[in-house]
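First the structure, in the form of structure tokens, and then the observations on it.
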Amino acid sequence: MFHAPNVFQRAPLPPETRESEPRPHTPARTPDSPSAVAERPAQNAPAKKRDAYFDNAKYLAIVLVAVAHSWVPVMEGSRAARALYMVTYTFHMPAFIIISGYFSRSFSLTPAKVKRLVTGVAVPYVVFETAYSLFRRYANDSPDAAISLLEPWYLTWFLAALFIWRLTTPIWQNLRHPLAVSLVIAVLASFAPSIGDDLDLPRVLQFLPFFVLGLQLKPEHFRLVKRREVQLLALPLFAGAAVFAYWAAPRMQLGWFLRDSSAQDMNAPWWSGAVMTLALFGCATLLTIGFLAWVPRRHMWFTVLGAGTICGYLLHGFLVKGADYAGIFDRNDWLVSPTGLVIVTVAASAGVTLLCTPPVRRVMRCVTEPDMNWAFRRDAAKI
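Heads up, the sequence shown is in numbering that gives the first Met the number 0, so the first residue is 0 and it goes up one at a time.
Right, here's the structure in full:
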């Protein structure tokens, strides 16, 4: 998901020189031979440098995801908490998806990138979908809970969606109006209950426009977002969103923000699916701009945690669901109070922060970044 480094290559020698100057102790190799190409990044490429701005954005977005998940068991009866949940859910996953799309711009169906897609997305999906299903079965005393890779549970839907979105990247990169097409697909998905729940397709299709939007962005767009006037406009934007959410909290179904159901599934007229899809896309885009405007560009104490957001995302669900299964929220009614909500928020933020740390990332690398060269042909193993 990060910028590929520039590779500075030595100008190729004339053919006659290449043939007459074999390297000592090794067979003669042309600069374009597979072995020479494989050696170039190690010999000539500078070390890959991470962008602090995007690491900061990913970390802050994943904190919002974890916090919003932790609010679900304790926000019942609190209008303010429900309003905060609505504002957060409007943009936290769209922001994460837009960034994912932005760093998927160079994806193609080359062997190396297909391998990375399988090892970095498909394998973690299989592992964590199975792990969460077993966790739900035994921690929640639900022996009949199904284990199905076709029905993502809780937060694993994002990995299934990312796999599908990246596979279709070449299509979006070649369409004349990709964002408009993706919005039409999302609108159709919002009033098509017949799609079914396999791979959580309703959510995959309704969140699709944010990924496609990320594919269309360029570095200059993020420079525009960081302008001072955008930062100042973001403040009344979020204030207005909070006021509107407080008014709408008792009147609006939360299913609209989850984007995992059709309008008919929520007992709403079919046409409302189109209206809400377009309205939420506009609101989410504006709030994401406001969020990104205030993300610091410089290196912060949490910048290093941006590299471990996949661990924070995939693991924090065990903390939230584990607390729920253990009855912590049921036995402590005071958690729905303002003080309790603050404590829950701080605990969720601290928990996901620890899960993003380098030691956790190293331990989880065998699952989130597995070395599977044994499963791929040689041309795919060389990334």
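Even for Gly, the Cβ is constructed at its ideal location relative to N, Cα and C.
Every value quoted in this text rests on a predicted model; they were computed, and no experiment measured them.
Are the beta-carbon atoms belonging to L149 and L198 less than 8 Å from one another?
By 1-based counting over the sequence shown, the position of residue 149 is 150. By 1-based counting over the sequence shown, the position of residue 198 is 199. Cβ distance < 8 Å, so L149 and L198 count as in contact.
Residue closest to M275, alpha-carbon to alpha-carbon, out of F301, F206 and S336
Mapped onto the sequence shown, residue 275 falls at position 276. Ranking the options by Cα distance to M275, first place goes to F206.
Taking the beta carbon of W300 as the centre, do at least 16 other beta carbons fall within 10 Å, making it buried, or is it exposed?
On the sequence shown, residue 300 is found 301 positions in, with the first residue counted as 1. So W300 counts as exposed.
### Query
Just checking, does the segment 327-343 make contact with the segment 65-72 on the three C-beta pairs under 8 Å criterion?
yes
| task | Compute the Euclidean distance between the alpha carbons of I146 and F190, then round it to the nearest angstrom. | result | Mapped onto the sequence shown, residue 146 falls at position 147. Mapped onto the sequence shown, residue 190 falls at position 191. C-alpha separation (whole angstroms): 28 Å.
Identify, in the order they occur along the chain, each residue of the same chain with its Cβ nearer than 8 Å to the Cβ of K57, setting aside the five sequence neighbours on each side.
-> Stepping through the sequence shown from its first residue, residue 57 is reached at position 58. For K57, where only same-chain residues beyond five positions count, the Cβ hits under 8 Å are F95, I98, G305 and T308.
Give me, in chain order, the residues of the same chain whose beta-carbon lies closer than 6 Å to that of S77; leave out the 5 immediate sequence neighbours on both sides.
Numbered from its first residue, the sequence shown carries residue 77 at position 78. The answer, listed in chain order, is V335.
Considering only their Cβ atoms, is the gap separating F90 from A241 smaller than 8 Å?
If you number the sequence shown from 1, residue 241 lands on position 242. If you number the sequence shown from 1, residue 90 lands on position 91. No, the pair does not count as a contact, with Cβ atoms beyond the cut-off.
| query | Three or more C-beta pairs closer than 8 Å, one from the segment 319-328 and one from the segment 130-147: is that the case here? | reply | yes
*Going by the CB atoms, is the gap between Q230 and A292 shorter than 8 Å?*
Counting from one through the sequence shown, the residue named residue 292 turns up at place 293. Counting from one through the sequence shown, the residue named residue 230 turns up at place 231. Yes, they are a contact pair.
Proximal residues to K386 (C-beta, below 7 Å), its chain only, five neighbours per side dropped:
Any answer about residue 386 is impossible in this case: the structure gives the chain only from 0 up to 382.
What distance in whole Å lies between the Cβ atoms of V62 and A351, which are believed to be in contact at a cut-off of 8 Å? The count along the sequence shown starts at 1 and reaches residue 351 at position 352. The count along the sequence shown starts at 1 and reaches residue 62 at position 63. Reading off the sequence, residue 351 comes out as Val, not Ala. Contact flag correct, Cβ pair sits at about 6 Å.
> Which residues bound the alpha helix (DSSP H) around G350?
Replying inline: Taking the first residue of the sequence shown as 1, we reach residue 350 at position 351. Residues P337 to L354.
For Q230, does the three-state DSSP call read helix, strand or coil? Stepping through the sequence shown from its first residue, residue 230 is reached at position 231. Here Q230 sits in helix by DSSP.
>> Which same chain residues end up closer than 8 Å to V86 when comparing Cβ atoms and leaving out the 5 residues on each side of it in sequence?
In response: To locate residue 86, count along the sequence shown from 1; it is residue 87. So the qualifying residues of the chain are F237, A240, A241, A244 and L286.
Alpha-carbon spacing of A461 relative to P192, whole angstroms: What the structure shows of the chain is the stretch from 0 to 382, and residue 461 is not part of that stretch, so it cannot be assessed.
Can you name, in chain order, every residue of its own chain whose Cβ lies under 8 Å from the Cβ of F162, other than the five neighbours on each side?
By one-based count along the sequence shown, residue 162 stands at place 163. Excluding residues within five positions, the ones whose Cβ falls inside 8 Å are L116, V120, A121 and Y124.
* Asked: How big is the Cα-Cα spacing for V183 and L204?
  -> Locating residue 183 in the sequence shown gives position 184, where the first residue counts as 1. Locating residue 204 in the sequence shown gives position 205, where the first residue counts as 1. So the alpha carbons of these two residues sit roughly 10 Å apart.
query = Which term fits H68, buried or exposed, when burial requires 16 or more other beta carbons within 10 angstroms of its beta carbon?
reply = For the purposes of this step, residue 68 is identified with residue 69 of the sequence shown, where counting begins at 1. So H68 counts as buried.
Review point. Can you name, in chain order, every residue of its own chain whose Cβ lies under 6 Å from the Cβ of M363, other than the five neighbours on each side?
Key: In the sequence shown, the residue the question calls residue 363 occupies position 364. Result list for M363: C310, in chain order.
(Q) List, from N- to C-terminal side, the alpha helix (DSSP H) runs of 4 residues or more that fit wholly inside the segment 133-169. (A) 156-166
(message) For W152, count the other beta carbons within 10 Å of its own beta carbon; 16 or more makes it buried, fewer makes it exposed. Which is it?
(response) Indexing the sequence shown from 1 puts residue 152 at position 153. Buried is the call here.
Item to check | alpha helix (DSSP H) segment containing Q215, residue limits | outcome: Within the sequence shown, the letter at position 216 stands for residue 215. Run containing Q215: L207 to Q215, per the alpha helix (DSSP H) assignment.
In whole angstroms, what separates the C-alpha of F53 from that of R104?
-> Within the sequence shown, the letter at position 54 stands for residue 53. Within the sequence shown, the letter at position 105 stands for residue 104. Spanning the two alpha carbons is a distance of roughly 15 Å.
| Secondary structure at P45, three-state DSSP: helix, strand or coil? | Walking along the sequence shown from the start, residue 45 turns up at place 46. Low confidence applies to P45: its pLDDT is 47, below 50, so where it sits in the model is not reliable enough to give any reading.
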